[in-house]
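Numbering-wise, the sequence shown is residues 3 to 334 according to the numbering used here.
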Amino acid sequence: MNTYKAINLVKRPQPGPITEEIFDVVEKELPPVGDNEILIKQTHMSLDPAMFGWMSPDTESYIPPVELGSVMRSSGVGQVVESNHPDFAVGDRVMGMMGWQEYALSNGQGINKVEADVPDETVLSVFALPGLTATQGLFNVGKPQQGETLVVTGAAGSVGSIVGQLAKAEGLTVIGVVGSDEKANWIVNELGFDGAINYKEGDLHDQLTKLTPDGIDLYFENTGGPIQHLVFERMNAHGRVVVCGMIADYGKQVPDPGPNWIPIIKKRLTIQGFTMPDHFDEIPSLLAKLTPYVMEGQVKYRAHVLEGLESAIDGLNLFFTGGNQGKLMVKL
């Protein structure tokens with residue numbers, strides 16, 4: 003086969019659901035592989051909430067927006083099918099930023115070999131951006147201590163579920179915030195969380211108070227929404243807030259107002275946002291930290307796999323509806 007499919011971003015999304023007209027599905031000729039380059043056949047492609055920011059025209063963000071007319075940005079896993087690069091051989095399994103395309107030409111920058119003998123779904127669910135993000139945010143930003151209480155939003159999602167499991171392995175009490183009773187059951191009975199809150203049901207204040215009798219030391223924020231205000235009220239002195247995502251606001255023209263800042267002063271809270279592109283050079287050390295937990299069975303996951311490149315377009319809307327069951331990805 004001398005051609006392959008790719009999806010270009012051609013318009014900026016408007017607030018609300020993602021629509022087909024902002025993308026263009028194109029057929030391309032396989033490129034020649036130059037010196038110090040590799041050609042990768044992508045097998046699985048990751049869908050992540052960060053993509054909403056990557057598609058926006060915000061030039062002040064942590065990473066430049068995807069240029070209109072270029073391949074939509076994403077991470078993936080695949081196999082090297084042609085190599086003129088000294089560090090990669092044909093047959094190597096690799097992961098990195100590959101984009102919405104069936105084949106990716108790369109100079110090797112940002113591409114890492116996959117050494118672990120695990121399925122591709124495991125690579126994207128645990129060892130790629132979700133696991134790296136969870137490891138960086140929890141350990142290097144949140145600095146958890148045994149005996150503390152952690153609340154994590156988006157707790158059944160790809161990042162939040164790993165954050166909670168790593169924290170449990172470190173001896174913390176872990177409470178997860180999710181959007182359905184099914185997800186609440188999964189994180190408690192399958193992943194080992196100490197408690198769960200379905201933010202769509204019941205009195206959130208009463209649920210949070212009951213599940214965190216000793217207050218909250220560490221808050222890992224993935225979603226935003228009303229629960230954020232209630233968590234701030236229950237933060238302990240010198241608590242830490244790790245801000246990883248705000249999916250509740252990504253589709254809104256005007257974001258919801260944030261919590262009262264007075265507790266930040268009274269309780270001497272530390273609040274830090276972070277993004278993984280700042281830490282791509284630390285991937286080897288992050289993998290070294292994460293891998294033992296995975297190999298010892300302390301990190302479980304579930305993958306929500308869509309079929310075919312074009313399924314990515316509507317698949318993004320699952321983040322808004324909460325319809326994804328685990329790590330969202332596309333099998334090519």
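We treat Cβ as the ideally placed atom computed from N, Cα and C, and that holds for glycine.
| Item | Value |
| --- | --- |
| Cβ contact check for the stretch 16 to 25 and the stretch 302 to 318: 3 or more pairs under 8 Å | yes |
| Touch test, the stretch 99 to 118 against the stretch 38 to 49, Cβ-Cβ under 8 Å, three pairs minimum | yes |
| DSSP three-state assignment for N10, whether helix, strand or coil | strand |
| Chain-order list of residues whose beta-carbon lies under 7 Å from that of P261 (same chain, five-residue window excluded) | Q230, H231 and F234 |
| Stretch-stretch touch, CB-based, cutoff 8 Å, three pairs: the stretch 175 to 190 with the stretch 201 to 212 | yes |
| Backbone CA spacing between V245 and V116 [nearest angstrom] | 28 Å |
| CB-CB length for P132 against I164, believed under 8 Å | 6 Å |
| Local conformation of V83 per DSSP, three classes | strand |
| Three-state secondary structure (DSSP) of E235 | helix |
| Span separating the alpha-carbon of N38 from that of D89 | 9 Å |
| Residues near K269 in its chain [Cβ-Cβ closer than 8 Å; skip 5 each side] | M237, N238, A239, H240 and G241 |
| Top-ranked residue by Cα proximity to N187, from D205, L168 and A157 | A157 |
| Distance between V128 and H281 (C-alpha atoms, nearest Å) | 17 Å |
| Separation of F321 from N114, as counted between CA atoms | 27 Å |
| Start-end ranges of the alpha helix (DSSP H) lying completely within the stretch 218 to 295, minimum 4 residues | 229 to 236, 249 to 252 and 264 to 268 |
| Of the residues E62, I189 and S58, the one placed nearest V68, counting alpha carbons only | S58 |
| Unbroken beta strand (DSSP E) run spanning N200, endpoints | G197 to N200 |
| Pair within 8 Å by beta-carbon distance, T137 and L174 | no |
| Reference K185, options S160, I285 and Q147, closest by Cα | S160 |
| Residue of G98, P265 and L152 minimising C-alpha distance to R40 | According to the sequence provided, residue 40 is Ile. The question's Arg does not apply to it. Nearest of G98, P265 and L152 to I40, Cα basis: G98. |
| Runs of beta strand (DSSP E) lying entirely within the stretch 84 to 138, each at least 3 residues, in chain order | 95 to 99 and 105 to 108 |
| P15 burial status per 10 Å Cβ neighbour count (16 or more: buried) | buried |
| M57 in three-state terms, based on DSSP | helix |
| Presumed contact (8 Å Cβ cut-off) between W102 and S72, rounded CB distance | So it is not a contact: roughly 10 Å between Cβ atoms. |
| Nearest residue (CA-CA) to E284, options V243, G80, G112 and A171 | G112 |
| Beta-carbon spacing of K30, Y64 below 8 Å | no |
| Rounded straight-line distance, which links the Cα of Q81 to that of H135 | Per the sequence shown, the amino acid found at residue 135 is Thr instead of His. Between T135 and Q81, the C-alpha separation is close to 23 Å. |
| Coil, strand or helix - A305 by DSSP | strand |
| Simplified DSSP state of G36, which is helix, strand or coil | coil |
| Expected contact under 8 Å - CB spacing of D216 and T151 to nearest Å | 6 Å |
| Start and end residues, alpha helix (DSSP H) containing L311 | Taken as a continuous stretch (DSSP letters only), L311 belongs to no alpha helix (DSSP H), as it is neither H nor E. |
| Local conformation of D205 per DSSP, three classes | coil |
| Residue closest to N224, alpha-carbon to alpha-carbon, out of T214, L206, K212 and G247 | G247 |
| C-beta contact flag for P279 and L220 at 8 Å | no |
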